[in-house]
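These notes concern the structure reproduced below.
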Amino acid sequence: MGIALGCGGVTVSFDSVKALNDVSLTLESGKIHALLGQNGAGKTTLARFFSGLIKPDTGRLEINGREVEPGEVSEARAQGLEIVHQRFTLPPTFSVSDALELSATLKKGRAVFSTNTVAKSWGDEMQKAGIDASPFAKVGSLPIETVQSLEILRALSGNARILILDEPTALLSPGAIASLFERLRKLRADGVSLLVILHKLQEVLEIADTVTVLRDGRLVANPTPIENTSSSELSDLMIGGDGGPSVLQAQAAMSASGKARLVADSVTTASQKPGEPELTDATFVVRESEILGVAGVEGNGQRQLADLVCGFADLQDGKISLDGVDLSELSLAERRRIGIRIVPFDRMSEGASLATPLWENVITWRAEEFRKPHIPFLSVRAMKQRSREILGGLGVKFDSLEQSAMSLSGGNLQRLILARELENGVKLLVAAQPTRGLDFSATDFVLRCLEQLRNNGAAVIMMSSDLDELFDLSDRVIVLRGGRIAGEFQPPYDRQLVGDAMVGATR
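Under the working numbering, the residues of the sequence shown are numbered -15 to 491, in order.
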């Protein structure tokens, strides 16, 4: 079998940091290859190198057995290589057919035809690929898994025979992941070679033929047949040895007797996102020293619940209170002051101002605390010093407080958000998909933080599409379906019963 991708002696530096350090490997054609590593290990950098988006300091690149010039996207595409990025590239305001045609036009330089002709052509391609969407629909109105399928269709249009996918499961529900893996297996059967960056060990073991591990920019495991390794071995390779017992191995402590902290009585709110159901007639309690897990297929009211609790959405009916204080008239800032915090669904777009320095991301909401007496100015020095202490408390790795938030890896950015939100008297934390897109080690760290917060007396609402995480950490689990609470469960959890409640199945 031939070689799909190969590289030798590849080193890539960003300023003084070596993102890749003397990496050499070869990947066989016609297989699904998984690339593993912690956030910041160099996975995305290697993928961008292969696709011609990064020119290395040193090193050679081989595609389909032919040596090509590194750092040239056109060279990589000419050899049939395409990449699907974690952040989607199809314009959200375009129709599906126009977005796909724009990509094809830029890639191939072909002429643009009439709207109806383009829609018919791409509609046929979508039907062949099993994509259930109208070519006239706006990209931004479609579910995440549909947009990802369109990104794969975009990448494969033309002569692509090698496909790189950067963390394709990070934003998907379990059902969508299963559909994606089925699609990848079909592509493999059609002779397409795949390099897939994944962040969950069980996903690697399920889909990959071989696995490669990066750590700190270095190759620590050459492409290894998946049957010759194990999750424990891969974990050790990723984190560099014994990372200590995982919080996922611990049983959640029961705390049903704790004092009621958040009480929601028959609450209803308007949907903030078109196409998603409003939260309707929901009644639930979260107690001190308790983690309440929220399960459900994505888009069934999770965001509406989080927005209602934190003050991003108005209460239309019902009552909601924290420690007996009515929340319905309190602003977002007032809710923060009494101890309600959030780790948002999307750390990139909602959790941080990416172009802003680290210290401002940490301290802005508390800026008034640093105003000097009798002087109408803020003490920037004091704010920076406090920011440094807060970041250091959760081990955020950074070079300068002035560097932008976008310079952090995903795991470090989530640490920053946690450090900011857990500072100074948190009573209730809403953790919305807190481990999404994180590697094994970063996930374990986040879950340890939630467990410690619970053990220190706070209440936590944890929303996750990963049932294993919810079952291992939650004291109780409620299920949202269609904006309503479809069930409440206590440990030991029955996966089948919870799953039935999520999809409305009856037995």
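Where a beta carbon is used, it is the ideal one built from N, C-alpha and C, also for glycine.
Asked: Range of the contiguous alpha helix (DSSP H) that encloses Ile322; Found: Note, Ile322: premise wrong, no alpha helix (DSSP H); not H, not E.
Asked: Environment of Pro209 [buried if 16+ CB atoms lie within 10 Å]; Found: exposed
Asked: Assumed close pair Leu342, Ser371 - CB separation to whole angstroms, cut-off 8 Å; Found: 7 Å
Asked: Outcome for Phe34 when other beta-carbon atoms lying within 10 angstroms are tallied against a minimum of 16; Found: buried
Asked: Any non-hydrogen atom of the ligand FMN within 6 Å of Gly49 CB; Found: As presented, the structure is devoid of all ligands, the ligand FMN included, so that no description of it is given.
Asked: Whole-angstrom distance between Arg245 and Leu406, CA atom to CA atom; Found: 17 Å
Asked: Nearest neighbour of Val269, chosen from Ala160, Asn284 and Gly308 [CA to CA]; Found: Gly308
Asked: Segment contact, 8 Å Cβ cut-off, at least three pairs: the stretch 40 to 53 with the stretch -9 to 3; Found: yes
Asked: Nearest neighbour of Glu85, chosen from Ser58, Pro119 and Val52 [CA to CA]; Found: Pro119
Asked: Span separating the alpha-carbon of Leu198 from that of Ser219; Found: 11 Å
Asked: DSSP state of Asn345 mapped onto helix, strand, coil; Found: helix
Asked: Distance between Thr253 and Gly302 (C-alpha atoms, nearest Å); Found: 9 Å
Asked: Distance CB(Leu457)-CB(Ile275) smaller than 7 Å; Found: yes
Asked: Per-residue DSSP class, three states only, for Phe473; Found: strand
Asked: Exposure of Thr77, with buried meaning 16 or more beta-carbon neighbours within 10 Å; Found: exposed
Asked: Phe500 classed as buried or exposed, judged by whether at least 16 other C-beta atoms fall within 10 angstroms; Found: Since the first and last residues shown for the chain are -15 and 491, residue 500 lies out of range.
Asked: Own chain, CB closer than 8 Å to Ile501, minus 5 neighbours either side, in chain order; Found: What is shown of the chain runs -15 to 491, which leaves residue 501 out entirely.
Asked: Selected residue, minimal CA-CA separation from Phe(-2), among Ser105, Asp450 and Gly24; Found: Gly24
Asked: Reduced DSSP category for Ser449 - H, G, I as helix; E, B as strand; rest coil; Found: coil
Asked: Contained alpha helix (DSSP H) runs [length at least 4] in the stretch 58 to 129, N- to C-terminal order; Found: 80 to 92 and 99 to 112
Asked: For Lys170, three-class secondary structure by DSSP; Found: helix
Asked: Cβ distance (whole Å) where Ala31 is taken to contact Ile148 below 8 Å; Found: 5 Å
Asked: Whole-number beta carbon distance between Ser133 and Val281, since they are thought to touch under 8 Å; Found: Contact flag wrong, Cβ pair sits at about 17 Å.
Asked: Of the listed residues Arg460, Ser87 and Trp106, nearest to Phe72 (C-alpha basis); Found: Ser87
Asked: Per DSSP, cross-strand counterpart(s) of Thr253; Found: Leu299
Asked: Distance between beta carbons of Arg460 and Met486, contact taken as under 8 Å; Found: The Cβ separation is near 16 Å, so there is no contact.
Asked: Identity of the residue in Asn100, Ala139, Pro75 and Ala144 nearest Ser125 by Cα; Found: Pro75
Asked: Buried/exposed call for Thr340, threshold 16 Cβ in 10 Å; Found: exposed
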